[in-house]
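*Asks:*
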Amino acid sequence: MPHDHPHGHGESGEGAALLEAAFIEGFRAVSDKASFLRLAHVPFELPGPDGLGLKLMEVRISDRFAVGAATPGFGTAELVYHPIPGPMVRGTTQITFVYCTLRETRELGWSDVMSRDGE
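Mapping of the sequence shown onto this note's numbering: position 88 corresponds to residue 88, and the numbering continues sequentially without gaps.
Here it is, written out as structure tokens:
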């Protein structure tokens, strides 16, 4: 199943997007999610504020599909709606890693987490 992934998380180049797509596909398919995360070097804890460690609590994968577009109408408060023809509908898949302390929750994207080598 092909996935189109957004490049808005600071990834550089096609290689990072391909790695992210492979990670998502593998994570969805594997039965032992925790071991998969360890093998991929996803940190289960990150340095947090005041020395409190942020703990990995959740991995979210969401699919989105744009099926229409809207523009402001001329001389009216009503939006002008334009449905996107079926064959032109494109999806995006996003992965989010949720880290928590007692005081805060942080939602980090793929590149935010994977760029932390050695921290």
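Think of the CB as a built atom: it goes at the ideal place given N, C-alpha and C, for glycine as much as any other residue.
All values reported here derive from a predicted model rather than from experimental measurement.
#1: Let me know if residue 57 comes out buried or exposed under the rule of 16 or more other beta-carbons within 10 Å of its beta-carbon.
#2: Ordered along the chain, which non-local residues of its own chain (more than five positions away) have a Cβ less than 6 Å from that of residue 45?
#3: I'd like to confirm something about residue 70: is its beta-carbon nearer than 6 Å to some heavy atom of the ligand NAD, or not?
#4: In the DSSP assignment, the alpha helix (DSSP H) including residue 114 goes from what residue to what residue?
#5: Got a sec? Which residues, its chain only, sit under 7 Å from residue 100 by beta carbon, not counting five neighbours each side?
#6: Looking at the secondary structure, which residues open and close the beta strand (DSSP E) in which residue 65 lies?
#7: Give me, in chain order, the residues of the same chain whose beta-carbon lies closer than 8 Å to that of residue 116; leave out the 5 immediate sequence neighbours on both sides.
#8: Does the beta carbon of residue 31 sit closer than 7 Å to a beta carbon anywhere in chain E?
#9: With a threshold of 8 Å on Cβ separation, who are the neighbours of residue 79 within its own chain once the five nearest residues in sequence on each side are excluded?
#10: Using the Cβ count rule (16 or more neighbours within 10 Å means buried), how would you classify residue 108?
#11: Could you tell me which uninterrupted alpha helix (DSSP H) segments, each at least 4 residues in length, are contained entirely in the stretch 14–45, listed from first to last along the chain?
#12: So residue 97 is in the beta strand (DSSP E); what residue range does that whole segment cover?
*Replies:* Looking at the atomic coordinates:
#1: exposed
#2: 53 and 55
#3: For the ligand NAD, the structure offers nothing, since it holds no ligand at all.
#4: 110–114
#5: 54, 55 and 57
#6: 54–65
#7: 43 and 46
#8: Among the chains in the structure shown there is no chain E, since it carries only a single protein chain.
#9: 70, 71, 72 and 73
#10: buried
#11: 33–39
#12: 91–100
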